[in-house]
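The sequence shown: position 230 = 229 (our numbering), numbered continuously.
C-beta: ideal position from N, C-alpha, C; glycine also.
Remember, it's a predicted structure, so these values are computed and weren't measured experimentally.
Remarks on the structure that follows.
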Amino acid sequence: MLTAYDFPTARLLDEAGVDILLVGDSLAMVVQGNDTTLPVTVDEMIYHATMVVRAASRALVVVDLPFPENHLGVYQTVATAAKILKRTGAQAVKLEGGAEQADVIRGLVSAGIPVMAHVGLRPQTVHVMGGYRVQRDADVLLADALAAESAGAFSIVLECIPSEVAKMATEKLRIPTIGIGAGPDCNGQVLVIHDLIGLTSGYVPGFVRQYAQVGEEIRNAVTSWNQDVKQRTFPSPSESF
Ligand code: KIV
Numbered sequence: 000m001l002t003a004y005d006f007p008t009a010r011l012l013d014e015a016g017v018d019i020l021l022v023g024d025s026l027a028m029v030v031q032g033n034d035t036t037l038p039v040t041v042d043e044m045i046y047h048a049t050m051v052v053r054a055a056s057r058a059l060v061v062v063d064l065p066f067p068e069n070h071l072g073v074y075q076t077v078a079t080a081a082k083i084l085k086r087t088g089a090q091a092v093k094l095e096g097g098a099e100q101a102d103v104i105r106g107l108v109s110a111g112i113p114v115m116a117h118v119g120l121r122p123q124t125v126h127v128m129g130g131y132r133v134q135r136d137a138d139v140l141l142a143d144a145l146a147a148e149s150a151g152a153f154s155i156v157l158e159c160i161p162s163e164v165a166k167m168a169t170e171k172l173r174i175p176t177i178g179i180g181a182g183p184d185c186n187g188q189v190l191v192i193h194d195l196i197g198l199t200s201g202y203v204p205g206f207v208r209q210y211a212q213v214g215e216e217i218r219n220a221v222t223s224w225n226q227d228v229k230q231r232t233f234p235s236p237s238e239s240f
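Shown next, in the form of structure tokens:
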């Protein structure tokens, strides 16, 4: 699974064979330039998810429920998730939470909305967690993951937890685990696309492997074009009518 927020990127990821495109609320940070994921709204998630769904011909598209939508009661969460699915054509939602979100997960699933849960580091609770830290309480993590599974989640993201805890959770659960900063023993892996391709400005977490430096490529290309325009070598006769 990789995050995607726009049509051209989603199309490339879909063509490359990525199984799940996540319209993550990380778009608040990597696209909108905020310090946390908290500011992004439901309508902004819908705007981006619509482009991703348009591009996806085979991948499953999952949309994050942005803060604080899944904390407003089961009725309100079902209404928001249904609005996202109806407006975008996406197939599932993801929400941050485990045991304390079990009722919400159950309500969504009984309304026919597939739910991916997300435990461990939950960026929407950054202010309570006191920062983006590795979550090490194995008992809490396993209880959260099992509660999400019992409530009907079809899959679960494990973020920033020790590898051995992720391994234990993956062995105990029947639903697939998808890890980010959770070691090699999860069933699948997820990264933020901007981190993977080197388009993130600033801090890149240690669990990321960068496969390209697209930011550098863009900077070099634009610098060359800017020079060519100023030196009047662009456009050439062959690039003119
Ligand atoms: O919003 C997001 O991008 C996520 C992934 C990091 C799992 O939740």
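DSSP state of Leu198 mapped onto helix, strand, coil: coil
Beta-carbon contacts of Asn33 that lie in its chain and below 8 Å, excluding the five residues immediately before and after: Ala27, Val39
For Gly96, the residue or residues it bridges with in DSSP: His117
beta-carbon Val92 near ligand 1 non-hydrogen atom, thresh 7 Å: no
Glu43 CB to nearest heavy atom of ligand 1 below 7 Å: no
Status (buried if at least 16 other CB within 10 Å, exposed otherwise) for Thr87: buried
Distance cut-off 7 Å: Val191 Cβ against heavy atoms of ligand 1: yes
Cβ-heavy atom distance, Glu99 to ligand 1, below 7 Å: no
Reference Arg132; option with closest CA among Leu140, Pro122, Ala146, Ala54: Pro122
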